[in-house]
Amino acid sequence: MKQQHSGAGYTIEKEIVDVLLEERPEISAADIKQAGGGVVAVILQVKDRRRFNLRNLARDLVRVGGRGIHVAAISFPTAQGRTWKVVPLDYLRDLAEGMYDMKMQLRLEAALRRG
């Protein structure tokens, strides 16, 4: 595994899909195939929701992408323990960028209401 970023409430790593499937029985080959397949996947592990930074995530997802990387495996804590979700990497990128844009628009709207 090669760690890409840590410290903003999450870590991002690249991993070979076969190794990922061996290490994480919660993820199936069908999940990977349905999300776009490929040889390498991005692993996003949310560590602290309060420190989670959408701007950094959007930036890091652009940096970590590359040829042949189409899948992201996301791990996040829930009341029942850690949960895994496999999605297309482009979808995750678009979602992070869209949420950051919405956050900025809401801040602007609040500032305009006050001002």
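So for the sequence shown, the working numbering puts the first residue at 4; every next one is plus one.
For glycine and all other residues, C-beta sits at the position ideal for the given N, C-alpha and C.
Out of the options, state which residue places its alpha-carbon closest to the alpha-carbon of residue i.
i    : options             : result
K106 : R54, G39, R58, T81  : R58
K17  : Q37, E29, R117, V65 : V65
E26  : V67, W87, G68       : W87
Skipping 5 residues on each side, what residues in its chain have a beta carbon closer than 8 angstroms to that of residue i?
i    : result
L24  : I30, S31, A32, I35
E100 : A61
G12  : V49, K50, D51, R52, R53, R54, F55, N56
G41  : V20, I35, G71, I72, H73, V74
Take residue i and list the residues in its own chain whose beta-carbon comes closer than 7 angstroms to its own, dropping the five residues that flank it on each side.
i   : result
V90 : A38, A75, I77
Taking only heavy atoms of the ligand SAH into account, decide whether any of them is closer than 6 angstroms to the Cβ of residue i.
i   : result
G39 : Annotation note on the ligand SAH: not contained in the displayed structure, which lists no ligands.
Does the count of Cβ pairs from the segment 82-95 and the segment 36-48 closer than 8 angstroms reach three? yes
What runs of the alpha helix (DSSP H), each 4 residues or longer, lie entirely inside the segment 45-104? 57-67
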